[in-house]
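A.B. asks: Mind having a look at this structure? Questions to follow.
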Amino acid sequence: MQNDAPPATRRPTLLTSEDWWAIWLGGLLIAVAVFELVTAVPGVGRWTGDVGAAFENRMLALALLGLGLALITALAARAMGGSFILHQAGFFALFLLAVLSYFLANQTGIRAAGVGYAFWALLLGLVVSNTVGTPGWLKPALRSELYIKTGLVLLGAEILFNRILNLGPPGLFVAWLVTPIVIFFMYRFGTRVLKIASPSLVIVIAAATSVCGVSAAIAVAAAARAKKDELTLAVGMTLIFTVAMMILMPMGIRAIGMDPIVGAAWIGGTVDATGAVVAAGAMLGEDAGHVAAVVKMIQNILIGVVAFSVAVYWVTTIEKKSGTARPAITEIWTRFPKFILGFIGASLLFSFVLVPTLGDEAVTGVLDLTSDFRGWFFCLAFVSIGLESNIRDLLTQVGGGRPIQLYLVGQTFNLVLTLVAAYLAFGGILFDPVL
Amino acid sequence: MGYGLWAMGARVRQLARLAIGVLAIAALGFAVSQAGRLPWVLGEAIRANVQADLDATAMFYTEVDGWDEWAPSKTR
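Line by line, the protein sequences give chains A and B. So in our numbering, spot 33 of the first sequence is number 468, and the numbers just go up one at a time. So in our numbering, spot 69 of the second sequence is number 278, and the numbers just go up one at a time.
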């Protein structure tokens, strides 16, 4: 995403750039989890009607988490030229809004409807910034880039390449064949046919549609240095359509009498968010739910390859001035978003070092912690983005409805192509039928 | 005096807009939490999620309970 941070001083970039600090913070939290210095990451509890249940026996732990996150992010802010004290002052209010976002998302009915913390965090931030305005004392803590990139380094740990090899060819066929084709189609359609001026907006919507919704949008937005408004728009669209598809797809599949296994693979390859895939797949039966989850998991893992490819393409092609030669390796290195190295490094570390040495069970325990940390960082990022956004600017991004047209055409193409692939792979044509 | 009154009025309007915004979020939250009550198949998926205790908000596969047990399906 576009860097709004204050200009770096003459100290080495390893200590002054947001990308490197994302790697240091992500690495620190991964180390804390691997060496069991922390055994649980506090969160807001699930609740139905009793508000108190969300915070029962959790207040102190949440306060300590807020304090810990404030300290490490303030350290980064200080190193990047900000103020340690001012960052902390604003951070606590930011953290409070993040807690409120999780509180809303964890209500039983809201959780079942699939409206997650990202939506509430953006909404809360937008309401504050567009009514009373974001207070000046809060602004030093609004480091959405740092929170997103740190979250992405932590997300890298969850991309276990060794697992995809165990998940079987039919799932790989559906998830990995269709996804790149849809991204390519949507990118060409958005830039050439709809003539959307911002290629970063197009690629963020394409990734959210074809890979895995919000998490893919975040990763690709950071890799392509998209504007915050562009990410907000892509996330908003994907959240709304995911809920609609979670409800309508199982209904349609049952209505036309489609083989539930083929239908599940179709859901796994098209519904954006993983939770919604699992929920929609479960509507078709236990085996179908399992197939949907596995296809989505394989697609989730593709996020690393997509983010890396987009970062390289942007540095070598999009950001290259027209008429100039291909940039030299040193220039590519200078422009390359370095947090991607942390993202890929964490994935490789977990896939090929920690899983073989610690074993699957221990790594699952570590990932439970790192994914909770990642959730907090993404939530802080979305609150920050909301607080930095103006609804009028967001409406200009909508640009005569072209981004929505892109999403609808891309998702329709995705639905058709994935249905064909699901029939070929899970309908007993290319591979033996699965249970 | 006049400017002070104008500034106070502007602040009151901002706070009123904030209160309306917060109320709107609360109303939206309440409406979404009741989506399972929608008639016919519209609320069916949400009711099933509540019954099976499924988290439809999970962003990535590692947030879904039991992800570490997912394996390729057996052939028929």
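Cβ coordinates follow ideal geometry from the N, Cα and C atoms, glycine included. What you are looking at is a predicted structure, and each value in this text was computed from that prediction instead of being measured.
From the beta carbon of Leu227/B, is the nearest beta carbon of chain A less than 8 Å away?
C.D. replies: Yes, contact with chain A.
A.B. asks: Give the residues of chain A in contact with Gly245/B, contact being defined as C-beta atoms less than 8 Å apart.
C.D. replies: Going along chain A in sequence order, the residues near Gly245/B (Cβ under 8 Å) are Gly544, Ala547 and Ala548.
A.B. asks: Using 8 Å as the threshold, is the C-beta distance between Gly710/A and Ala717/A below it?
C.D. replies: Going by C-beta atoms, Gly710/A is not nearer than 8 Å to Ala717/A.
A.B. asks: Smallest Cα separation from Tyr842/A: which of Thr626/A, Phe771/A and Ala641/A?
C.D. replies: Cα-wise, what sits closest to Tyr842/A is Ala641/A.
A.B. asks: Identify whether Gln243/B lies in helix, strand or coil by the three-state DSSP scheme.
C.D. replies: Coil at Gln243/B, not helix or strand.
A.B. asks: May I ask you to list, following chain order, the residues of the segment 717-740 of chain A that have a beta carbon less than 8 Å from some beta carbon of chain B?
C.D. replies: Hits within the stretch, in order: Ala717, Met718, Asp722, His725, Val726, Ala728, Val729, Lys731, Met732 and Asn735.
A.B. asks: When you compare the CB of Leu263/B with every CB in chain A, is at least one pair closer than 8 Å?
C.D. replies: Yes, Leu263/B counts as interfacial toward chain A.
A.B. asks: Confirm, please, whether the CB-CB distance from Ala548/A to Val241/B is below 8 Å.
C.D. replies: Yes, Cβ-Cβ distance for Val241/B and Ala548/A is below 8 Å.
A.B. asks: Find out if the Cβ-Cβ distance for the pair Arg660/A, Ser635/A is shorter than 8 Å.
C.D. replies: Yes.
A.B. asks: Please report how far the alpha carbon of Glu754/A lies from the alpha carbon of Val712/A, in whole angstroms.
C.D. replies: Their backbone Cα atoms lie some 36 Å apart in a straight line.
A.B. asks: Please work out which residues of its chain come closer than 6 Å, Cβ to Cβ, to Arg481/A, disregarding the five sequence neighbours upstream and downstream, and give them in chain order.
C.D. replies: So the list reads Asn541, once near-sequence residues are dropped.
A.B. asks: Report the neighbours of Pro615/A on chain B: residues whose CB is nearer than 8 Å to its CB, in chain order.
C.D. replies: Result: empty, since nearest Cβ-Cβ is about 20 Å, beyond 8 Å.
A.B. asks: Helix, strand or coil for Trp279/B per DSSP?
C.D. replies: Residue state, collapsed to three classes: coil.
A.B. asks: Inspect the beta-carbon positions of Gln734/A and Val646/A and report whether they are closer than 8 Å.
C.D. replies: The answer is yes: Cβ separation under 8 Å.
A.B. asks: Which residues of chain B have a Cβ atom closer than 7 Å to the Cβ of Ala711/A, listed in chain order?
C.D. replies: Near Ala711/A (Cβ distances below 7 Å), the residues of chain B are Ala265.
A.B. asks: Verify the CB distance criterion: does Ser650/A have a CB-CB separation below 8 Å to chain B?
C.D. replies: Closer than 8 Å to some Cβ of chain B, the Cβ of Ser650/A qualifies, so yes.
A.B. asks: Cβ closer than 9 Å: which chain A residues qualify as neighbours of Gly218/B?
C.D. replies: Going along chain A, no residue has its Cβ under 9 Å from Gly218/B, so there is no contact; the nearest lies around 14 Å.
A.B. asks: Rounded to the nearest angstrom, how far is the Cβ of Leu886/A from that of Phe785/A, given a contact under 8 Å?
C.D. replies: Since the first residue of chain A shown is 436 and the last is 870, residue 886/A is not available in this structure.
A.B. asks: Taking 8 Å as the threshold (C-beta atoms), are Val730/A and Gly606/A in contact?
C.D. replies: Yes. Within cutoff.
A.B. asks: Between the C-alpha atoms of Ala468/A and Phe239/B, what's the straight-line distance to the nearest angstrom?
C.D. replies: So the two alpha carbons sit approximately 36 Å from each other.
A.B. asks: On the criterion of 16 or more Cβ atoms from any shown chain inside 10 Å, does Leu499/A qualify as buried, or is it exposed?
C.D. replies: Leu499/A comes out exposed.
A.B. asks: Check the DSSP bridge columns for Gln523/A and list the partner residues they point to.
C.D. replies: None, per the DSSP bridge assignment.
A.B. asks: Mind listing, in chain order, the continuous alpha helix (DSSP H) runs of no fewer than 4 residues lying wholly within the segment 581-636 of chain A?
C.D. replies: Runs of the alpha helix (DSSP H) inside the segment 581-636 of chain A: 596-599 and 604-623.
A.B. asks: Do Ala715/A and Ala728/A have their beta-carbon atoms positioned less than 8 Å apart in this structure?
C.D. replies: The answer is no: Cβ separation not under 8 Å.
A.B. asks: With respect to the alpha helix (DSSP H) encompassing Ala576/A, which residues constitute its N-terminal and C-terminal limits?
C.D. replies: Here Ala576/A belongs to no alpha helix (DSSP H), and DSSP marks it neither H nor E.
A.B. asks: Can you give me the C-alpha to C-alpha distance between Thr271/B and Met680/A, rounded to a whole angstrom?
C.D. replies: The alpha-carbon atoms of Thr271/B and Met680/A are separated by roughly 21 Å.
A.B. asks: Between the C-alpha atoms of Gly671/A and Phe808/A, what's the straight-line distance to the nearest angstrom?
C.D. replies: Whole-angstrom Cα-Cα distance: 23 Å.
A.B. asks: Mind checking the segment 248-260 of chain B against chain A and listing, in chain order, the residues whose C-beta falls within less than 7 Å of any C-beta there?
C.D. replies: The residues in question are Val250, Leu251, Ala254, Ile255, Ala257, Asn258 and Val259.
A.B. asks: Taking 7 Å as the limit between beta carbons, can you name the residues of its chain near Asp381/A, skipping five residues before and five after?
C.D. replies: Nothing about residue 381/A can be read from this structure; chain A reaches only from 436 to 870.
A.B. asks: Can you give me the Cβ contacts of Leu854/A inside the same chain, cut-off strictly under 7 Å, excluding the 5 residues immediately before and after it?
C.D. replies: The answer, listed in chain order, is Trp701.
A.B. asks: Mind checking Lys212/B: buried by the 16 CB within 10 Å criterion, or exposed?
C.D. replies: With the sequence shown as reference, residue 212/B is identified as Tyr, and Lys is not the correct amino acid for it. By the 10 Å Cβ count, Tyr212/B comes out exposed.
A.B. asks: Check whether the Cβ atoms of Ala781/A and Ile465/A sit closer than 8 Å, and answer yes or no.
C.D. replies: For Ala781/A and Ile465/A, yes; Cβs fall inside 8 Å.
A.B. asks: Note down, in chain order, every chain B residue with its Cβ under 8 Å from the Cβ of Met681/A.
C.D. replies: Neighbours of Met681/A on chain B, chain order: Ala254 and Ala265.
A.B. asks: Count the other CB atoms, across all protein chains shown, that sit within 10 Å of the CB of Pro441/A; report buried if there are 16 or more and exposed otherwise.
C.D. replies: Note that Pro441/A scores 49 on pLDDT, short of 50, meaning its location in the model is unreliable; the coordinates nonetheless yield the value given after this. Counting Cβ neighbours within 10 Å, Pro441/A comes out exposed, since fewer than 16 surround it.
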